[in-house]
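Just so you know, the protein sequences line up as chains A and B, in that order. Quick note on numbering: the working numbering labels position 229 of the first sequence as 229, and the sequence is numbered without any gaps. Add 1000 to a position in the second sequence, counting from 1, and you land on the number used in the working numbering. Ideal placement from N, C-alpha and C gives every residue a C-beta, glycine not left out. These numbers were taken from a predicted model, which means no experiment stands behind them.
Number of protein chains: 2
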Amino acid sequence: MNHADENKFEPGQPTENHATRQLIIASTSTVFGGEYLDYLTDEMAQLFKDTDEIIFIPFARPGGISHDEYTDRAAKIFKKINKKLVGLHTFKNPIEALKTAKGVFTGGGNTFVLVSSLYRLQLMQPLREAIFNGLPYLGTSAGSNICGLSMQTTNDMPIVYPPSFKTLGVIPFNLNPHYLDPNPDSKHMGETRETRIAEFHTQSTVPVVGLREGSWLRVINNKIILKGKFKARIFEQGKQPYEIEPDTLINFL
Amino acid sequence: MNHADENKFEPGQPTENHATRQLIIASTSTVFGGEYLDYLTDEMAQLFKDTDEIIFIPFARPGGISHDEYTDRAAKIFKKINKKLVGLHTFKNPIEALKTAKGVFTGGGNTFVLVSSLYRLQLMQPLREAIFNGLPYLGTSAGSNICGLSMQTTNDMPIVYPPSFKTLGVIPFNLNPHYLDPNPDSKHMGETRETRIAEFHTQSTVPVVGLREGSWLRVINNKIILKGKFKARIFEQGKQPYEIEPDTLINFL
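Structure, rendered in structure tokens:
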């Protein structure tokens, strides 16, 4: 594996056609008390309305489960909306598969593992281009993290060393999925999520959207809209964090 | 900055004299309701009994504070035990400073920032050798994380990209500082600390010691002993996690 070659991926270089984007970028796959993806099925059916077959990117491997096992788990849910889900790991030429895909879903797990796999297989750039060319894309958790400019506001442990922290950059900010408010009763002295994001802003000017579980971003052409029942928390360098309401257009970042 | 050169650091290569190690490796600098380092002052006075001057490594920069500011904060505490604390950033030749140091304290903050700085200044190897040569070392949080074989079980956000995740390797396992038990009442669907460490063990055979706040490891020559009031949680690949009592010798890992 040649890290130097993999690092050639440079978001911002290819033509970006924001007017064709179609994405659901969700904080979590599963809300408390719910089943896998159930709160999103209506939105998913709408996103993938023009295709019966969707490619699944299982590389984030939650809990280390196999690609097959993860694909099977997700495929069961897609069957309910009459869609066939096919694991990207089953294609001989995954780059070509992404170029011709009619829909992609990237599941959650460990963002470091996911990003390392995407670089190793040289899929970061083709996936980015496909999304800007109108590929309908669903991400949850780690699969959402990679939509941002970098994975540097992930909550995950660095269990593998990726060749870069740069990610797809199909939205012009970073995400913090599973965003968690500080617990005022906590006696734990570790950093809160808000403190961690403030530390990120000592190093970067990239805004961060803290997406609470049950929230998602719906990207339709040029618009990025907060969906779900909850507010999102916005972090910008040098500003006090602030909340935005559901259905807010967040193109201002 | 040449990443290839920095990656030359290879723990395990130099002569390791475990019989001369003198370390305090603490989960946190501050316990709930306490002041900075106050629960550790007796142990610190003992560790640093043979020197009046200790070098402070401020590079983890909690909340992004400056090296001077962080050194001043820590120096106030060391004054109480009649020790002078000098920031490593004030030395013209920090490599030489570590080689001749009589005591070192590395404070907490962001482990990615700390590790990036240590590599950039080529300090990882000199610090490792100094510790194996008997340099008394105190670490808290990020400063403890770097004592393990890698920083891959840190809780911190990857806000900068270090040239490697390898760390000092002056103890033969990894740490998870600020270890936090799962909250049975939580409705949050993000991974627990235990789940994250289990994911690490899908990638690595390195054991992990979950150190609760208020616990520390005291390394005296060949012995590594759990200190403080709390049990620690041990994670080994392929085993159920288990607890060990204070004052347990953990040379078995």
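Problem - Length of the line joining the Cα atoms of Arg73 (chain A) and Lys84 (chain A) - result: 12 Å
Practice task
Put Ala60 (chain A) into one of helix, strand or coil per three-state DSSP.
Solution key: Coil.
Practice task
Compare the beta carbon distance of Asn222 (chain A) and His18 (chain A) with 7 Å and say whether it is the shorter of the two.
Solution key: yes
Exercise for the section: For the stretch 1129 to 1144 of chain B, enumerate the residues whose C-beta is nearer than 9 Å to any C-beta of chain A, in chain order. Expected result: Ser1141
Practice task
Drop a sphere of 10 angstroms on the beta-carbon of Gln240 (chain A), count the other beta-carbons inside from all chains shown, and report buried for 16 or more, exposed for fewer.
Solution key: Exposed, since its Cβ has fewer than 16 Cβ neighbours within 10 Å.
Problem - With 16 other Cβ atoms within 10 Å as the buried cut-off, status of Ile1095 (chain B) - result: Exposed, because fewer than 16 other Cβ atoms sit within 10 Å of the Cβ of Ile1095 (chain B).
Exercise for the section: List the endpoints of the continuous alpha helix (DSSP H) containing Gln152 (chain A). Expected result: Where Gln152 (chain A) is concerned, there is no enclosing alpha helix (DSSP H), given that its DSSP letter is neither H nor E.
Practice task
Would you decide whether Ser186 (chain A) is buried or exposed? Buried here means 16 or more other CB atoms lie within 10 Å of its CB.
Solution key: exposed
Exercise for the section: Between the Cα of Ser215 (chain A) and those of A:His178, A:Phe173, A:Tyr36 and A:Gly64, spot the shortest distance and give me the residue it belongs to. Expected result: Of A:His178, A:Phe173, A:Tyr36 and A:Gly64, the smallest CA-CA separation from Ser215 (chain A) is found for A:His178.
Exercise for the section: Flag this pair as touching only if the stretch 163 to 171 of chain A and the stretch 118 to 131 of chain A have three or more C-beta atom pairs under 8 Å; answer yes or no. Expected result: yes
Practice task
Under 8 Å between beta-carbons, which chain A residues line up against Ala1019 (chain B)? List them in chain order, please.
Solution key: None at all; the shortest Cβ gap to chain A is about 32 Å.
Problem - Residues that DSSP places opposite Gly1210 (chain B) in a beta bridge - result: B:Asn1176 and B:Arg1233
Problem - Short Cβ contact (7 Å threshold) for Thr28 (chain A) with Tyr36 (chain A) - result: In this structure, Tyr36 (chain A) does not lie closer than 7 Å to Thr28 (chain A) by Cβ.
Practice task
Report yes or no: is there a C-beta of chain A within less than 7 Å of the C-beta of Arg1233 (chain B)?
Solution key: For Arg1233 (chain B), not one C-beta of chain A is nearer than 7 Å to its own C-beta.
Exercise for the section: Could you name the residues that DSSP lists as bridge partners for Phe91 (chain A)? Expected result: Answer by DSSP bridge pairing: none, since Phe91 (chain A) is not bridged.
Practice task
Please confirm if Met124 (chain A) has its CB atom under 7 Å from at least one CB of chain B.
Solution key: No, no contact with chain B.
Exercise for the section: Quick one: grab the DSSP three-state call for Glu1129 (chain B). Expected result: Helix.
Exercise for the section: Given a cut-off of 7 Å, decide if Gln1203 (chain B) and Ile234 (chain A) are closer than it, judged by their beta-carbon atoms. Expected result: no
Exercise for the section: Tell me, please, whether the CB atom of Pro158 (chain A) is closer than 7 Å to any CB atom in chain B? Expected result: yes
Handout entry: Amino acids of chain B, ordered along the chain, whose beta-carbon sits closer than 7 Å to that of Phe165 (chain A)
Key = Pro1158 and Tyr1161
Practice task
Examine chain A for any beta-carbon lying closer than 7 Å to the beta-carbon of Thr1041 (chain B), and answer yes or no.
Solution key: no
Exercise for the section: Answer yes or no: does any C-beta atom of chain B fall closer than 7 Å to that of Thr30 (chain A)? Expected result: yes
Practice task
Compile a chain-ordered list of the residues in the stretch 168 to 187 of chain A whose CB is closer than 7 Å to at least one CB of chain B.
Solution key: His178, Leu180 and Lys187
Handout entry: Burial state of Asp1156 (chain B) (16 or more Cβ within 10 Å)
Key = Counting Cβ neighbours within 10 Å, Asp1156 (chain B) comes out buried, since at least 16 surround it.
Practice task
Starting from the Cα of Ala1232 (chain B), find the closest Cα among B:Val1219, B:Asp1247 and B:Gly1238 and give me that residue.
Solution key: B:Asp1247
Handout entry: Near-chain A residues of the stretch 1207 to 1224 of chain B - C-beta to any C-beta below 8 Å
Key = Glu1213
Practice task
Return yes when the C-beta of Thr51 (chain A) is under 6 Å from any heavy atom of the ligand COA, and no when it is not.
Solution key: The model depicted lacks the ligand COA and carries no ligand whatsoever.
Problem - Contact check, Asn174 (chain A) vs Thr153 (chain A), beta carbons under 7 Å - result: yes
Handout entry: beta strand (DSSP E) segment containing Arg218 (chain A), residue limits
Key = It spans Trp216 to Ile220 - the beta strand (DSSP E) in which Arg218 (chain A) sits, taken as one unbroken run.
Practice task
Measuring only between beta-carbons, confirm whether Phe91 (chain A) sits less than 7 Å from chain B.
Solution key: False, the Cβ-Cβ gap to chain B never drops below 7 Å.
Handout entry: C-beta neighbour in chain B for Phe200 (chain A), strict 7 Å
Key = Using a Cβ-Cβ cut-off of 7 Å, Phe200 (chain A) counts as an interface residue toward chain B, since at least one Cβ of chain B sits closer than that to its own.
Handout entry: Three-way DSSP call (helix, strand, coil) for Glu1043 (chain B) in this model
Key = helix
Exercise for the section: Pull up the distance between the alpha-carbon of Pro1014 (chain B) and that of Glu1129 (chain B), whole angstroms please. Expected result: Residue confidence is low: Pro1014 (chain B) scores 47 on pLDDT, short of 50, so the model does not pin down where it sits. Its coordinate-derived value is still stated next. C-alpha separation (whole angstroms): 7 Å.
Handout entry: Contact set between Gln240 (chain A) and chain C, taken where Cβ atoms lie within less than 8 Å
Key = Chain labels in this structure do not include chain C; the protein chains are A and B.
Practice task
Could you work out which residues of chain A lie near Thr1255 (chain B), taking near to mean beta carbons separated by less than 9 Å?
Solution key: No answer is possible for residue 1255 (chain B): the residues shown for chain B start at 1001 and end at 1253.
Handout entry: Proximity of Thr1071 (chain B) and Phe1059 (chain B) at Cβ, strictly below 7 Å
Key = no
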